[in-house]
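*Asks:*
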Amino acid sequence: MAAVAQAPQSLNFELPEDLKLLKSTIREFVEKELWPAAAQVEDSDEIPAAILDKMSEMGLFGLPFAEEYGGAGMGELGYCVALEELGRASAAFSNLLGAHCSIGAMALHLDGSKELKDRFMPQLCAGDKLACFALSEPNAGSDAANIQTAARRDGDLFVLNGVKHYITSGDIADFASVFAVTDRSLGARGGITAFWVDLNAPGITRGPNDKKMGLSGSHTCELIFQDAQVPADRVIGKIGAGFLTAMKTLDMGRLSLGAGCVGTSQLMLEKAIAHAKDRVQFGKPIARQQAVQFMLADMATEIYAARNMVYNGAWKADRAERFTIEAAMVKRYCSDMAIRVVDRALQIHGGMGFMKETGIERVYRDARILAIYEGTNEIQRMIIAEELLK
Ligand code: COS
Numbered sequence: 019m020a021a022v023a024q025a026p027q028s029l030n031f032e033l034p035e036d037l038k039l040l041k042s043t044i045r046e047f048v049e050k051e052l053w054p055a056a057a058q059v060e061d062s063d064e065i066p067a068a069i070l071d072k073m074s075e076m077g078l079f080g081l082p083f084a085e086e087y088g089g090a091g092m093g094e095l096g097y098c099v100a101l102e103e104l105g106r107a108s109a110a111f112s113n114l115l116g117a118h119c120s121i122g123a124m125a126l127h128l129d130g131s132k133e134l135k136d137r138f139m140p141q142l143c144a145g146d147k148l149a150c151f152a153l154s155e156p157n158a159g160s161d162a163a164n165i166q167t168a169a170r171r172d173g174d175l176f177v178l179n180g181v182k183h184y185i186t187s188g189d190i191a192d193f194a195s196v197f198a199v200t201d202r203s204l205g206a207r208g209g210i211t212a213f214w215v216d217l218n219a220p221g222i223t224r225g226p227n228d229k230k231m232g233l234s235g236s237h238t239c240e241l242i243f244q245d246a247q248v249p250a251d252r253v254i255g256k257i258g259a260g261f262l263t264a265m266k267t268l269d270m271g272r273l274s275l276g277a278g279c280v281g282t283s284q285l286m287l288e289k290a291i292a293h294a295k296d297r298v299q300f301g302k303p304i305a306r307q308q309a310v311q312f313m314l315a316d317m318a319t320e321i322y323a324a325r326n327m328v329y330n331g332a333w334k335a336d337r338a339e340r341f342t343i344e345a346a347m348v349k350r351y352c353s354d355m356a357i358r359v360v361d362r363a364l365q366i367h368g369g370m371g372f373m374k375e376t377g378i379e380r381v382y383r384d385a386r387i388l389a390i391y392e393g394t395n396e397i398q399r400m401i402i403a404e405e406l407l408k
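For the sequence shown, the residue numbers in this note's numbering are 19 to 408.
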């Protein structure tokens, strides 16, 4: 008889122990404090200060960042695991964290000088100061290279003029990574520069908070720059390299957005299963109806695919490989998936799903933006195709 072949080296899909611990800690925090606060956040349109303090205490604002700058050193995978769990809470929390970690402070962490990072990252990681990301403008959303905000050099300063809009956390952030044109003739390739801007400096005003379809507790507003002076040593990276910084940062943002989608969808699946087992119609639980079973099966299958995409993308990001195509695929797939999953969860709940008390209608409204922000899903398809055809 032939000898049994040695098992080939297998891939290890298990999370390391520290990330398992992180996951369970955040799950507990969400279940005990964040999910119960959802209705209050929705009604007051504010995150309670005590919860913000707890998030800081837990080190959430520094999760993905290097320990040398005061971060938790959890990398992109650890950050995605955390955001997956936070996706089970009101979207206000993951938006706040996302605006800060995924993109606002991330631009500085990715491309800022050591001096800038030494100076600002510790306070950002501690949650003492909040960051946001200011790229979008009224006439430059998908076409990000077309921004009009201008930065004119004046000795040791840059003078910024222009308007950024739909800036998440723009009302409360202390700092922003701001993208502005320094040489219009060069466009995206050399003409845009990233700045680390103190939003409390003279010449900067914040518009009123936008009235939105959902995402109560997470605010967006305009940031208006009128001869705002930014010291030249606050340039993030090289002058003219800002568009690249923006795109690399958005790769991170798109990946971690997918992680939140997975968590939200998982919660919706669990709620749908519980309801389907409990709700009796035609003399048996609706979970025994094939129409409901097929919805549950599709939800679970898509979540499984999405989670694996996110983890794989994060693994690649942590290896410092370019993951633009993965980030775009994750963002496109996971956001559409979450919208489908919450829609089915609501359908399974029937009329009850439409009522405020289940919290599902809130998740349904909050989910719609997922296919739009951080680059629309049409832009993600363009990026994927562009990468494929290179
Ligand atoms: N990593 C590294 N380099 C990148 C990159 C990335 N993720 N994305 C683009 N680049 C480079 C390109 O390779 C190109 O350089 P080369 O010509 O030297 O190769 C340069 O940056 C310009 O890129 P591109 O030609 O793709 O620019 P476009 O003007 O066509 O715009 C899109 C690209 C549409 C992808 C960009 O404008 C975009 O992401 N738009 C959506 C913006 C968005 O997500 N907004 C959300 C709000 S902010 S939260």
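Where a beta carbon is used, it is the ideal one built from N, C-alpha and C, also for glycine. No experiment lies behind these values; they were computed from the predicted model shown.
Which ranges would you report for the beta strand (DSSP E) in the stretch 181-265 if only whole runs of at least 3 residues count?
*Replies:* 193-199, 210-216, 222-224 and 238-249
*Asks:* Smallest Cα separation from L37: which of E49, A55 and P82?
*Replies:* Taking the sequence shown and counting its residues from 1, one reaches residue 37 at position 19. Of the candidates E49, A55 and P82, the one whose C-alpha sits nearest the C-alpha of L37 is P82.
*Asks:* Any heavy atom of ligand 1 closer than 7 Å to the beta-carbon of A356?
*Replies:* Reading the sequence shown from its first residue, position 338 is the one you call residue 356. Not so, every heavy atom of ligand 1 lies at least 7 Å from the Cβ.
*Asks:* Could you tell me which uninterrupted alpha helix (DSSP H) segments, each at least 4 residues in length, are contained entirely in the stretch 82-168, listed from first to last along the chain?
*Replies:* 93-104, 109-115, 123-129 and 132-143
*Asks:* Please state if the CB of G130 and the CB of I254 are separated by a distance shorter than 8 Å.
*Replies:* Sequence index remark: in the sequence shown, residue 254 carries index 236 (1-based). Sequence index remark: in the sequence shown, residue 130 carries index 112 (1-based). Yes. Within cutoff.
*Asks:* Evaluate contact between the stretch 378-393 and the stretch 360-370, counting only Cβ atoms and requiring at least three cross-stretch pairs below 8 Å.
*Replies:* yes
*Asks:* CB V177 to CB D245, shorter than 8 Å?
*Replies:* Translated into positions along the sequence shown, residue 177 becomes position 159. Translated into positions along the sequence shown, residue 245 becomes position 227. The answer is yes: Cβ separation under 8 Å.
*Asks:* List the endpoints of the continuous alpha helix (DSSP H) containing L406.
*Replies:* Residue mapping note: residue 406 aligns to position 388 of the sequence shown, counting from 1. Where L406 is concerned, the enclosing alpha helix (DSSP H) stretches over N395 to L407.
*Asks:* Can you give me the Cβ contacts of T167 inside the same chain, cut-off strictly under 6 Å, excluding the 5 residues immediately before and after it?
*Replies:* As a working note, residue 167 is residue 149 in the sequence shown. Closer than 6 Å at Cβ, skipping near neighbours: G180 and A198.
*Asks:* Touch check for the stretch 186-206 and the stretch 234-244: three-plus C-beta pairs under 8 Å?
*Replies:* yes
*Asks:* How would you call D384, buried or exposed, if buried means at least 16 neighbouring beta carbons within 10 angstroms?
*Replies:* Start at 1 with the first residue of the sequence shown, and residue 384 comes out as number 366. Under a 10 Å Cβ-count criterion, D384 is classified as buried, with 16 or more other Cβ atoms of the shown protein chains found around its own Cβ.
*Asks:* Any heavy atom of ligand 1 closer than 7 Å to the CB of S160?
*Replies:* Residue mapping note: residue 160 aligns to position 142 of the sequence shown, counting from 1. It does: the Cβ of S160 is within 7 Å (strictly closer) of some heavy atom of ligand 1.
*Asks:* Give me, in chain order, the residues of the same chain whose beta-carbon lies closer than 6 Å to that of F151; leave out the 5 immediate sequence neighbours on both sides.
*Replies:* The residue labelled residue 151 in the question sits at position 133 within the sequence shown. Taken in chain order, the residues that qualify are I121, G122 and S195.
*Asks:* For I291 and L314, which I take to be in contact (beta-carbon distance under 8 Å), what is that distance rounded to the nearest angstrom?
*Replies:* The residue you call residue 291 lines up with position 273 of the sequence shown. The residue you call residue 314 lines up with position 296 of the sequence shown. So it is a contact: roughly 6 Å between Cβ atoms.
*Asks:* Return yes when the C-beta of T261 is under 7 Å from any heavy atom of ligand 1, and no when it is not.
*Replies:* Position 243 of the sequence shown, counting from 1, holds the residue named residue 261. Checking the displayed sequence, the identity of residue 261 turns out to be Phe instead of Thr. Yes - ligand 1 has a heavy atom lying nearer than 7 Å to the Cβ of F261.
*Asks:* Is N179 helix, strand or coil when you go by DSSP?
*Replies:* Locating residue 179 in the sequence shown gives position 161, where the first residue counts as 1. Strand at N179.
*Asks:* Hey, how far is the Cα of P249 from the Cα of L268?
*Replies:* Within the sequence shown, numbered from 1, the residue matching residue 249 stands at position 231. Within the sequence shown, numbered from 1, the residue matching residue 268 stands at position 250. In a straight line, the C-alpha of P249 is about 25 Å away from that of L268.
*Asks:* Could you give the distance in angstroms between the alpha-carbon of L142 and the alpha-carbon of Q284?
*Replies:* To locate residue 142, count along the sequence shown from 1; it is residue 124. To locate residue 284, count along the sequence shown from 1; it is residue 266. In this structure, the CA atom of L142 is about 30 Å from the CA atom of Q284.
*Asks:* Check for me: the alpha helix (DSSP H) holding F31 runs from which residue to which?
*Replies:* Your numbering for residue 31 matches position 13 in the sequence shown. Note, F31: premise wrong, no alpha helix (DSSP H); not H, not E.
*Asks:* For R417, is the beta carbon positioned less than 7 Å from some heavy atom of ligand 1?
*Replies:* Coverage of the chain is limited to positions 19 through 408, which leaves residue 417 absent and any answer about it impossible.
*Asks:* For R340, does the three-state DSSP call read helix, strand or coil?
*Replies:* One-based indexing of the sequence shown puts residue 340 at position 322. Looking at R340 - three-state DSSP - the assignment turns out to be coil, as it is neither helix nor strand.
*Asks:* For R297, which of helix, strand or coil comes out of DSSP?
*Replies:* Here residue 297 is taken as the residue at index 279 of the sequence shown, counted from 1. In this structure, R297 counts as coil in the three-state DSSP scheme.
*Asks:* Check each candidate in M286, A219, I357 and A163 and name the one with the smallest Cα separation from R207.
*Replies:* Stepping through the sequence shown from its first residue, residue 207 is reached at position 189. Closest by alpha carbon: A163.
*Asks:* Where do the ends of the alpha helix (DSSP H) carrying L70 lie?
*Replies:* One-based indexing of the sequence shown puts residue 70 at position 52. Counting along the chain, the alpha helix (DSSP H) containing L70 begins and ends at A67 to E75.
*Asks:* When DSSP builds the beta bridges, which residues end up paired with K302?
*Replies:* The residue given as residue 302 occupies position 284 in the sequence shown. Paired residues: Q299.
*Asks:* Answer yes or no: the CB of M124 versus the heavy atoms of ligand 1, is any distance below 7 Å?
*Replies:* Here residue 124 is taken as the residue at index 106 of the sequence shown, counted from 1. No, since every heavy atom of ligand 1 falls outside the 7 Å radius drawn around the Cβ of M124.
*Asks:* Could you please give the first and the last residue of the uninterrupted alpha helix (DSSP H) stretch that includes V48?
*Replies:* The sequence position of residue 48 within the sequence shown is 30, counting from 1. Per DSSP, V48 belongs to no alpha helix (DSSP H) and is neither H nor E.
*Asks:* Give the straight-line distance between the Cα atoms of I343 and I402, rounded to the nearest whole angstrom.
*Replies:* Here the question's residue 343 lines up with position 325 in the sequence shown. Here the question's residue 402 lines up with position 384 in the sequence shown. Going by the C-alpha atoms only, they are around 5 Å apart.
*Asks:* Rounded to whole angstroms, what is the Cα-Cα separation between F111 and P156?
*Replies:* For the purposes of this step, residue 111 is taken as the residue at position 93 of the sequence shown. For the purposes of this step, residue 156 is taken as the residue at position 138 of the sequence shown. Cα to Cα, F111 sits roughly 26 Å from P156.
*Asks:* Looking only at DSSP bridge pairs, what is R170 linked to?
*Replies:* Position 152 of the sequence shown holds residue 170. Within the DSSP bridge table, the entry for R170 names V177 as partners.
*Asks:* Is any heavy atom of ligand 1 found at a distance shorter than 7 Å from the C-beta of F151?
*Replies:* Here residue 151 is taken as the residue at index 133 of the sequence shown, counted from 1. Answer for F151: yes, Cβ within range of ligand 1.
*Asks:* Check whether the Cβ atoms of E60 and S108 sit closer than 8 Å, and answer yes or no.
*Replies:* The residue labelled residue 60 in the question sits at position 42 within the sequence shown. The residue labelled residue 108 in the question sits at position 90 within the sequence shown. Closer than 8 Å, so yes.
*Asks:* If I follow the unbroken alpha helix (DSSP H) through Y382, where does it start and stop?
*Replies:* One-based indexing of the sequence shown puts residue 382 at position 364. I378 to A385 is the span of the alpha helix (DSSP H), which, as asked, contains Y382.
*Asks:* Grouping DSSP H, G and I as helix and E and B as strand, with all else coil, what is D316?
*Replies:* Along the sequence shown, read from residue 1 onward, the residue named residue 316 stands at position 298. It is helical.
*Asks:* Using a Cβ-Cβ cutoff of less than 7 Å, which residues in the same chain neighbour L347 once the five nearest sequence positions on both sides are dropped?
*Replies:* On the sequence shown, position 329 is the one that residue 347 refers to. The displayed chain sequence assigns Met, not Leu, to residue 347. M327 and I402, listed in sequence order.
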